[in-house]
Each structure stands twice: as structure tokens, then as C-alpha cells.
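J.: Heads up, the sequence shown is in our numbering, so the first residue is 722 and it goes up one at a time.
Glycine included, each C-beta is placed from N, C-alpha and C at the ideal position.
First the structure, then my questions, so here it is.
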Amino acid sequence: MTEDYLSEAIELARANIGKGGRPFGAVLVRDGAVLATAVNEIHATNDPTSHAEMNAVRAASHKLGSPDLSGSAVYASGHPCPMCMAAMRLAGVEKVAYAYSNDEGTPFGLSTAAIYEDLAKPFAEQSMTIRHVPVRPQGKPDLYAEWTEARSRQA
């Protein structure tokens, strides 16, 4: 079945090329049922997070009425970027398979390998400035404690 789902993701990507989009498609499956299919829609939305995998996660979560996609798998036409991998992990996706690697995408400007390499470095060595600034507005409750209290009142 993996090859079938990957072929479907590739066909979604091909159709997206025909609409002026990037060659990325994704199929999200749980218990043998396709919960969502999606394509990269950056060209249509100008949203840099509108990747095929992100859109599939959003659609499946909306369909289920839950952010929990435990037990699911994502089949993607291309190597998912770090953002998509993180989103899939946060959602509970348990398996990811992709048809085209970062190495195959490199000659076409479609690789995210450099981002993976940068993210593997300590914060101080990454290309983006990242720092912890522990601001706590005076006279206000601790943000996380306030959230915990609000949740306990809702239960």
C-alpha cells in the first residue's frame, strides 16, 4: 500500500504543477482510510507554511475534530521539511514515507537539507538569532500557571 499512497501523492503533486504550484503532494492515512490529501499551496495563498504535509494535517484534524492524529501515516511526494516533520510529530503521526529525497531535489532548488543541518546546531550557532528572554510582566500571574488554572476550571 505504501507505493500506492506515494503514487497518489505524486499525482497530486503533478496536478499542482499544472496549477502553477510546487511539485508536492501528501496523503494522510489512518487505519487504511485516507483522511486527507493536500498539495503545496504557497503559490495560491502566499502562506509560507502552506506545504502539502501541513495542509494534510490541518485537513485531517479538522475532519476528525481533534488535533490528535495518533496512529496515522503521511505519504509525501518529497522529503518533508523540518516544519512539516515537527507538525506531524506534534499531531501524533507515527509513520512518514516520501518518494523524492532531498538529494534528488537539490539540483532543482527543492531541498531542505541545509535547514536540517542548521537546526542540528546549538542555538548560538544557527543562522537565525534565537534567545531566551524571561520576561514576566509585573503584577500578572505566571502565564503557564494561568493556563493550567483555566483548564482546571473548564474540566
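With C-beta atoms as the reference, is F745 less than 9 Å away from A797?
T.: Sequence index remark: in the sequence shown, residue 745 carries index 24 (1-based). Sequence index remark: in the sequence shown, residue 797 carries index 76 (1-based). Taking 9 Å as the Cβ cut-off, F745 and A797 qualify as a contacting pair.
J.: Starting from the Cα of G813, find the closest Cα among N776, K842, S793, V854 and give me that residue.
T.: Counting from 1 along the sequence shown, the entry for residue 813 is found at position 92. Considering only alpha carbons, the answer is S793.
J.: Please classify R743: is it buried, with 16 or more other beta-carbons within 10 angstroms of its beta-carbon, or exposed?
T.: Taking the first residue of the sequence shown as 1, we reach residue 743 at position 22. With 16 or more other Cβ atoms within 10 Å, it is buried.
J.: Would you call the stretch 748-760 and the stretch 820-838 touching, i.e. three or more CB-CB distances under 8 Å?
T.: no
J.: Considering just the uninterrupted stretch of the beta strand (DSSP E) at K816, what are its terminal residues?
T.: Counting from one through the sequence shown, the residue named residue 816 turns up at place 95. For K816, the enclosing beta strand (DSSP E) covers residues 816-821.
J.: For the beta strand (DSSP E) that contains L766, what are its first and last residues?
T.: The sequence position of residue 766 within the sequence shown is 45, counting from 1. Sequence inspection shows Thr at residue 766; the Leu mentioned does not correspond to that position. Counting along the chain, T766 falls outside any beta strand (DSSP E), though it belongs to the alpha helix (DSSP H) covering 763-766.
J.: Does the beta-carbon of H853 have 16 or more other beta-carbons within 10 angstroms, so that it is buried, or is it exposed?
T.: Here residue 853 refers to the residue found at position 132 of the sequence shown. H853 should be labelled exposed.
J.: What are the partner residues of G746, as DSSP defines its beta bridges?
T.: Position 25 of the sequence shown holds residue 746. Bridge partners of G746: V760.
J.: Give me the DSSP bridge partner(s) of R751.
T.: Taking the first residue of the sequence shown as 1, we reach residue 751 at position 30. A754, S793, per the DSSP bridge assignment.
J.: Taking its Cβ as the centre, do 16 or more other Cβ atoms sit within 10 Å of G799, making it buried, or is it exposed?
T.: If you number the sequence shown from 1, residue 799 lands on position 78. Buried, since its Cβ has 16 or more Cβ neighbours within 10 Å.
J.: Tell me the residue span of the alpha helix (DSSP H) that contains C805.
T.: Counted from its first residue, the sequence shown places residue 805 at position 84. Start and end: 803-812.
J.: Measure the C-alpha to C-alpha separation of D789 and R779 and round it to an integer number of angstroms.
T.: By one-based count along the sequence shown, residue 789 stands at place 68. By one-based count along the sequence shown, residue 779 stands at place 58. Near 11 Å, if we compare the C-alpha coordinates of R779 and D789.
J.: In angstroms with no decimal places, state the Cα-to-Cα distance between V748 and K861.
T.: Working through the sequence shown from its first residue, we reach residue 748 at position 27. Working through the sequence shown from its first residue, we reach residue 861 at position 140. Distance between the alpha carbons of V748 and K861 is about 44 Å.
J.: Which of the three DSSP states, helix, strand or coil, is assigned to G739?
T.: Numbered from 1 along the sequence shown, position 18 holds the residue referred to as residue 739. Helix at G739.
J.: Here's the rule: buried if 16 or more other CB atoms are within 10 angstroms of the residue's CB, otherwise exposed. What is N776?
T.: Residue mapping note: residue 776 aligns to position 55 of the sequence shown, counting from 1. Flag for N776 reads buried.
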